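To keep things clear, I will list the structure first and then write my remarks on it.
2 protein chains.
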Amino acid sequence: MREVAIIGVGHTKFGKAGDKTALELFSEAALKAVEDAGIDLREIEALFQGAALLGFEEGQVMPAVFSAADLHLGEIPATRVEGACASAGLAIREAAMWVASGAFDVVLAGGVEKALAMGTPFATRTFAMACHAYSEAAAGLTFPGVFAMAARLYAHRYDIPLEKLREKMACVSVKNHFHGARNPLAQFYQKYGDLKVEDVLRSKMVCDPLTLLDCCPFSDGAAAVVVCAAEKARKFTDTPIYILGTGQGSGTPLSKMEDMVKPAARVASARMAFKQAGIEPKDIQVAEVHDCFTIAEIIALEALGFFGWGEAADATEEGETDIGGRIAVNPSGGLIGKGHPIGATGASQVFSLVEQMRGEAPKGNQVEPVPEFGMTDTLGGDFGTLCNIILGRTRRKK
Amino acid sequence: MREVAIIGVGHTKFGKAGDKTALELFSEAALKAVEDAGIDLREIEALFQGAALLGFEEGQVMPAVFSAADLHLGEIPATRVEGACASAGLAIREAAMWVASGAFDVVLAGGVEKALAMGTPFATRTFAMACHAYSEAAAGLTFPGVFAMAARLYAHRYDIPLEKLREKMACVSVKNHFHGARNPLAQFYQKYGDLKVEDVLRSKMVCDPLTLLDCCPFSDGAAAVVVCAAEKARKFTDTPIYILGTGQGSGTPLSKMEDMVKPAARVASARMAFKQAGIEPKDIQVAEVHDCFTIAEIIALEALGFFGWGEAADATEEGETDIGGRIAVNPSGGLIGKGHPIGATGASQVFSLVEQMRGEAPKGNQVEPVPEFGMTDTLGGDFGTLCNIILGRTRRKK
Chain A
231 MREVAIIGVG HTKFGKAGDK TALELFSEAA LKAVEDAGID LREIEALFQG AALLGFEEGQ
291 VMPAVFSAAD LHLGEIPATR VEGACASAGL AIREAAMWVA SGAFDVVLAG GVEKALAMGT
351 PFATRTFAMA CHAYSEAAAG LTFPGVFAMA ARLYAHRYDI PLEKLREKMA CVSVKNHFHG
411 ARNPLAQFYQ KYGDLKVEDV LRSKMVCDPL TLLDCCPFSD GAAAVVVCAA EKARKFTDTP
471 IYILGTGQGS GTPLSKMEDM VKPAARVASA RMAFKQAGIE PKDIQVAEVH DCFTIAEIIA
531 LEALGFFGWG EAADATEEGE TDIGGRIAVN PSGGLIGKGH PIGATGASQV FSLVEQMRGE
591 APKGNQVEPV PEFGMTDTLG GDFGTLCNII LGRTRRKK
Chain B
231 MREVAIIGVG HTKFGKAGDK TALELFSEAA LKAVEDAGID LREIEALFQG AALLGFEEGQ
291 VMPAVFSAAD LHLGEIPATR VEGACASAGL AIREAAMWVA SGAFDVVLAG GVEKALAMGT
351 PFATRTFAMA CHAYSEAAAG LTFPGVFAMA ARLYAHRYDI PLEKLREKMA CVSVKNHFHG
411 ARNPLAQFYQ KYGDLKVEDV LRSKMVCDPL TLLDCCPFSD GAAAVVVCAA EKARKFTDTP
471 IYILGTGQGS GTPLSKMEDM VKPAARVASA RMAFKQAGIE PKDIQVAEVH DCFTIAEIIA
531 LEALGFFGWG EAADATEEGE TDIGGRIAVN PSGGLIGKGH PIGATGASQV FSLVEQMRGE
591 APKGNQVEPV PEFGMTDTLG GDFGTLCNII LGRTRRKK
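Line by line, the protein sequences give chains A and B. Mind the numbering: the first sequence is residues 231 to 628 in my numbering, read in order. Mind the numbering: the second sequence is residues 231 to 628 in my numbering, read in order.
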């Protein structure tokens, strides 16, 4: 297997896309990535696109092909992959695998979603289709419900009074909104930058114990990256960022899940990525993790091995996940501050890490010194699909 | 890149699945494939699943993960790929690529759909989302309309009176129904086996010049295959069938398509597959091609290189695509006779070819002598996604 690099990244403004269609959003992000890479469109040999619900949002199935056509990529293979909110993570993983295999040298990958137009109640209901249809969605479960249960289980498991846990969870929201407010591409740019824990606690209750500010927003947006064989990367750029390892794991319906606060699929996925990268959690200086809800970030940080079981809530409260802390978590704003266009999120995370590792993060959000290793964590459904991508500024040690 | 073999295949009865869910259908096909391969479920390292519209059919997004859970595959990567009616072809192609790359040794791939429950008008409308949403579906175009236009263009281009072309197209329907009637897994098993050209012509007009018998049915069903590194295949089976080459191509919205009866994406995809396999169209003895409508088979046969441009309609009428003819086309019944559960069709085609190449086709449908080389052709949307898979009874010549 060959080594793989990212040579270009592109990202639309997250938030309300208005009249722009999903295909237009994707083309915008893709063209930025291609321009950033300094390549000609004719050098792209395949396209992988993550998109979760475009059929419901715009009546568009098979969007990857039409994106390839919009981008004038010719008859190259263009494939949509769908793993709910992890779709773009899977798309980039596919691209990395294909380049690693030697089949292709340059592949475009990313994701897109236009979720805002559905309106909150319909979006919530539509998103819930990524739960198990027969045992969960049919019972009325939605994602706020899933993560409210997870929060209660976490409090119970680690013997933390629920009100105390709410305060610790609120620290995730404060931190990620703080970062998002400084990210010009974020949905909440220049908003909620001075949020306090009390603001989160007093915000509208969505699903007890999760308030509105514990939840990520609905968003439109797209992000894309150009993946290239590492041996050819320096032909295009002086700052290739290497994909050192990727992982993917699959969960079960909740009724068969052994432990909701120790998601086995995430543990397996992270293990796969770390093994391939040849590094350990302690080597990572920056992570973009799937904070669809505040509690989700806490659970993720433990499953990825950054903190022991039951320790991430306290660590967050103590600032260990701030920029300048033990590991900077979601310095882009994460899903909570940057926004969560579901099929695009995995690519947005990679975009934000590449910015960090090039030393080009938005003002105030740059981790110092420039991180050597970064990691994404993208979750689809209620612990159904997990995808991790580990990036490095230098190639893998042999 | 390593060579790849198929060591097991499974297929549900196509037609009306009744109370069985899509996940149950997929598990049924997958377990048959696993049993056929004689492997333990624990040997499967990844799952690729094609599914086009399960969100609309059953409110189930991210089905691959739940299929992996149903099959007790553990936390292995489980990925849904979507290329409309070509979804399962892409899933098998992904599996083949991953095994070829050396990343995995044994991968399960297939597809599923439960389309019948939607009812014809809703299914037609829902399927049309695989057209370009803004320029085609919004204008009221549906797939019968697309292929009726293609038939008229074909008649015009090759100066064939439309009534004459209708007779030639009817020969596709007669042939494929004849085969389907002898295939116990086909939706039309023991039905329409003695259809005459006049029956097709006099059948209900759906979209002029296409009658009901020019169209494939809506279907429920699933099919799956086990893909394995060629060097390990004989550990499991005495009759591995090798994946010699695969191809994938992408089209454009119809408004930008150069020539609807010479689909460039199909030509590109077939060329990719033939190049990888190191053989030519004349080497293929059996093909399962995407006959969603009778005219679609004719167009496919020319684009794949089996017949010259404008020659496949005559060749069909002259019996050259019958079993015993120059090349046996759709001896399983094809989409018209076997049924078309959209996300499953590409895997069903591979299943049928593997049967042929093992000499185990349904009675009366076996091509003699047992074919050395076979080819699938799967189409998603209106010439949007093309996928081809070339199979051989022996490994690639070095």
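We treat Cβ as the ideally placed atom computed from N, Cα and C, and that holds for glycine. The structure displayed is predicted, hence computed values, not measured ones.
- Annotation: ASP612(B) is outside any alpha helix (DSSP H) and is labelled neither H nor E by DSSP.
- With fewer than 16 neighbouring CB atoms inside 10 Å of its own CB, LYS426(B) falls in the exposed class.
- Taking a contact as a CB-CB distance under 8 Å, the pair LEU395(B) and TYR384(B) counts as one, their CB atoms being some 7 Å apart.
- Residues of the stretch 492-519 of chain A with a Cβ closer than 7 Å to any Cβ of chain B, in chain order: ALA494, ALA495 and ALA498.
- Contact residues of the stretch 598-609 of chain A toward chain B are absent (C-beta to C-beta distance below 7 Å).
- For GLY280(A) against LEU320(A), the beta-carbon gap comes to about 6 Å, under 8 Å, which counts as contact.
- Within the stretch 307-335 of chain B, the residues whose Cβ lies closer than 8 Å to any Cβ of chain A are, in chain order, PRO307, ALA308, THR309, ARG310, VAL311, GLU312, GLY313, ALA314, LEU320, GLU324, MET327, TRP328, ALA330, SER331, GLY332 and ALA333.
- Here ILE236(B) is bridged, per DSSP, to VAL457(B) and ILE471(B).
- Listed in chain order, the non-local C-beta contacts of PHE334(A) below 6 Å within the same chain comprise GLU275, ALA276 and TRP328, local neighbours out to five positions each way being set aside.
- Judged by DSSP secondary structure, PHE296(A) falls within the alpha helix (DSSP H) whose first and last residues are 293-300.
- Segment contact: the stretch 297-311 of chain A against the stretch 371-381 of chain A, fewer than three CB-CB distances shorter than 8 Å; contact not assigned.
- Per DSSP, CYS437(A) is one residue of the beta strand (DSSP E) stretching across 435-437.
- Each of LEU301(A), GLY540(A) and GLU548(A) was checked against the Cα of ALA380(A), and the nearest Cα belongs to GLY540(A).
- At a cut-off of 8 Å, the C-beta of LYS462(B) has no neighbouring C-beta in chain A.
- From the beta-carbon of GLN290(B), the residues of chain A found nearer than 7 Å are MET359 and ALA363.
- Of all alpha-carbon atoms in ALA416(A), THR356(A) and PRO351(A), the one lying nearest the alpha-carbon of GLY563(A) is that of ALA416(A).
- Sequence-distant Cβ neighbours of THR242(B) in its own chain, meaning closer than 6 Å and more than five residues away, are LEU255, GLU258, ALA259, GLY451 and ALA452.
- The straight-line gap separating the alpha-carbon atoms of ARG272(A) and GLY610(B) is approximately 24 Å.
- DSSP, read as helix, strand or coil, puts THR606(B) in strand.
- Under the criterion of beta carbons closer than 8 Å, THR524(A) and VAL402(A) qualify as touching, at roughly 4 Å.
- For ALA259(A), the uninterrupted alpha helix (DSSP H) run begins and ends at 252-267, by DSSP.
- Rounded to the nearest whole angstrom, the CA to CA distance from MET231(A) to ALA591(A) is 31 Å.
- HIS570(A) is bridged by DSSP to nothing; it lacks a bridge partner.
- Rounded to whole angstroms, the Cβ separation of ALA530(A) and ARG496(A) is 7 Å, and the two are in contact under 8 Å.
- Here THR624(A) is exposed: its Cβ has fewer than 16 other Cβ atoms, across all protein chains shown, within 10 Å.
- Around the C-beta of PRO293(B), 16 or more other C-beta atoms lie within 10 Å, and the residue is accordingly described as buried.
- If you draw a straight line from the Cα of GLN579(B) to the Cα of ASP489(B), it is about 26 Å long.
- With respect to the C-alpha of PRO601(A), the residue from LEU534(A), ASP513(A) and ASP607(A) having the closest C-alpha is ASP513(A).
- Check the Cα spacing between VAL376(B) and each of HIS362(B), LEU392(B) and ALA345(B): the tightest is with HIS362(B).
- With respect to the C-alpha of PHE613(B), the residue from GLY555(B), GLU287(B) and GLY313(B) having the closest C-alpha is GLY313(B).
- In this structure, DSSP gives GLN279(A) an extended state, which the three-state scheme calls strand.
- In this structure, the beta-carbon distance from LEU474(B) to GLY332(B) does not fall below 8 Å.
- Around PRO351(B), no beta-carbon contact reaches into chain A at under 8 Å, the shortest distance being about 16 Å.
- For ALA530(A), the three-state secondary structure derived from DSSP is helix.
- If the five residues before and after LYS434(B) are omitted, its C-beta is found closer than 7 Å to the C-beta atoms of THR441 and LEU442, all from its own chain and listed in chain order.
- By the CB criterion at 8 Å, GLY340(A) and ALA577(A) fall inside the cutoff.
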